[in-house]
Each structure stands twice: as C-alpha cells, then as structure tokens.
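Residue numbers (mature numbering (1 follows the signal peptide of the UniProt record, and there is no 0)): -26 to -1, 1 to 163.
Cβ atoms here follow ideal geometry from the backbone N, Cα and C, with glycine treated the same way.
These numbers were taken from a predicted model, which means no experiment stands behind them.
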Amino acid sequence: MLPLLLLALQAAAPAPVAAPPSPAPAAPAAPAPWAVRERADAANGVLTTTTSVIARDGSSRLIVKCDRGTESIVSVQFITKQVLQTAADTGEFADKQVALRFNGGPAVADNWQFRGSAAFIAAATPVTTLTTGLAKAKTITVETTNSANFAFSATFDGPATDAPVRQVLTACGYTLGTVPPPPAPPAKK
C-alpha cells in the first residue's frame, strides 16, 4: 500500500521547473552613426578612413570613404541588403542613376558604378557636391532602382556637424566644398 501512496503523491507533485533558457548572444552593436573609423590594409598599403550611417529602416548604409594608397580617392557609397544591379553576360555592371535629396530638396543625380548590392561614385566634382550636401543635411534620401528596376529609396539622418565628413575628406587631402585639382601627371623619365 505504501508504494501506491508514494506513486500517488509523486503524481500530484508539480513537475520540477526547468531553468530558463540562457539568453541569446547579443548582436554586435551597430556602429555609432557618422563615427569616423580608420584602418590599414598591410597587404596593399592602403589606409582607409570612413564615416557612415545606417538608414532609418535598416535597409542600407551610406558611406563617405577615403582610400590612401599610391593616390588618394574619396568616394560616396551606398550598400543595401538587396541586389541593385546584376552583371551582364560579360560580367560587367552597367552604371545607373542614383539621386540624393538633402532635407527634402531637389534631387542631385548622377550615374554611379554598381556591384551587386553596392553603388559608388568617386569622380571629384560629384563627390564634392555630394559631400557638401551630406555635411550640412539633417535628412538624406537616396533614390535608385533595384535589379528588377523597381524604385528603391532609403532615408538617413544627417550628421550633427560637418566634422565627420570633413575629417574623411581631410584624410585624402580634400577640402569640404572645394573640388580638388586633378592629380599631377607622372614624372617623365
């Protein structure tokens, strides 16, 4: 009889509570908007200075970048989570138009180079126009089309001051608002 009583008591007792699952590891923190970062690539001797911001909806990143190697190149880049352009059968990517609007103003449009989900422009005159607008804007909207030719738009918050954009430009010898002179021709032998 005692074994039946013990079985009845065990059946009536609440089940032991399982330990709560351990929390998932924290996702890496998103970089602070418009923070300036520097890194060196020892393999090719290129020093890179960047500042960037993530779109309000998390869909993309807008970057101002300086690469210093044998020459200094400033570019404005736009990287998304979706494919913006696919390569042709030859493996080449066609340029296409990207427009930026600063504080809801008129579009500043130009043809950018594309590589899958990334677009960039590095020509001195448009980069000067874009970085001048970026440095002063409170709101930046980037407009283009995706690989299926549907409109794609992303909105970003501008920097609190022009300091991060100015710092990236200065790293490459540029001055905010001034188109740099063309590189000097190579010395004759």
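query: Hey, would you say GLY132 sits closer than 8 Å to THR113, going by beta carbons?
result: For the purposes of this step, residue 132 is taken as residue 158 along the sequence shown, with counting starting at 1. For the purposes of this step, residue 113 is taken as residue 139 along the sequence shown, with counting starting at 1. Yes. Within cutoff.
message: At the level of alpha carbons, what is the spacing between PRO80 and ALA128?
response: For the purposes of this step, residue 80 is identified with residue 106 of the sequence shown, where counting begins at 1. For the purposes of this step, residue 128 is identified with residue 154 of the sequence shown, where counting begins at 1. Going from the Cα of PRO80 to the Cα of ALA128 covers about 16 Å.
ALA93 burial status per 10 Å Cβ neighbour count (16 or more: buried): Looking up residue 93 in the sequence shown gives position 119. Label assigned to ALA93: buried.
- prompt: Within this structure, are the beta carbons of THR115 and LEU143 separated by less than 8 Å?
  reply: Translated into the one-based positions of the sequence shown, residue 115 becomes position 141. Translated into the one-based positions of the sequence shown, residue 143 becomes position 169. Result no, Cβ atoms of THR115 and LEU143 do not sit closer than 8 Å.
- request: List the whole-angstrom C-beta distance separating VAL72 from ASP84, where the pair is believed to meet the contact cut-off of C-beta under 8 Å.
  value: As a working note, residue 72 is residue 98 in the sequence shown. As a working note, residue 84 is residue 110 in the sequence shown. Correct: roughly 7 Å between the Cβ atoms.
message: Going by C-alpha to C-alpha distance, which of THR149, ASN77, PRO156 and ILE53 sits closest to GLN87?
response: If you number the sequence shown from 1, residue 87 lands on position 113. Out of THR149, ASN77, PRO156 and ILE53, ILE53 has the C-alpha closest to the C-alpha of GLN87.
query: Rounded C-beta distance between VAL27 and GLY43? I'm assuming under 8 Å.
result: Residue 27 sits at position 53 when you count from the first residue of the sequence shown. Residue 43 sits at position 69 when you count from the first residue of the sequence shown. Taking C-beta atoms under 8 Å as the contact rule, VAL27 and GLY43 fail to qualify, at a distance of about 25 Å.
query: Under 8 Å between the Cβ atoms of SER121 and VAL38?
result: Sequence index remark: in the sequence shown, residue 121 carries index 147 (1-based). Sequence index remark: in the sequence shown, residue 38 carries index 64 (1-based). Cβ atoms of SER121 and VAL38: not closer than 8 Å.
query: What span of residues does the alpha helix (DSSP H) with ALA98 cover, start to end?
result: The residue labelled residue 98 in the question sits at position 124 within the sequence shown. ALA98 -> alpha helix (DSSP H) spans 98 to 110.
query: Would you report the Cα separation of PRO159 and ILE47, rounded to the nearest angstrom?
result: As a working note, residue 159 is residue 185 in the sequence shown. As a working note, residue 47 is residue 73 in the sequence shown. Each residue's alpha carbon lies about 16 Å from the other.
message: Tell me whether ALA68, by its Cβ, gets closer than 7 Å to a heavy atom of the ligand ATP.
response: The ligand content of the structure shown is nil, which means the ligand ATP is not present either.
Whether LEU74 touches GLY107 by CB criterion (8 Å): The residue labelled residue 74 in the question sits at position 100 within the sequence shown. The residue labelled residue 107 in the question sits at position 133 within the sequence shown. Yes. Within cutoff.
- request: Taking all protein chains shown into account, decide if PRO156 is buried (16 or more other Cβ within 10 angstroms of its Cβ) or exposed.
  value: Sequence index remark: in the sequence shown, residue 156 carries index 182 (1-based). PRO156 should be labelled exposed.
query: Which of helix, strand or coil does DSSP assign to VAL139?
result: Locating residue 139 in the sequence shown gives position 165, where the first residue counts as 1. Three-state DSSP puts VAL139 in a helix.
Where PHE126 falls, given that 16 or more other Cβ within 10 Å makes a residue buried: Numbered from 1 along the sequence shown, position 152 holds the residue referred to as residue 126. That one is buried.
field: Check whether VAL139 and THR25 have beta carbons under 8 Å apart
entry: Within the sequence shown, numbered from 1, the residue matching residue 139 stands at position 165. Within the sequence shown, numbered from 1, the residue matching residue 25 stands at position 51. Their beta carbons are under 8 Å apart, which means VAL139 touches THR25 by this criterion.
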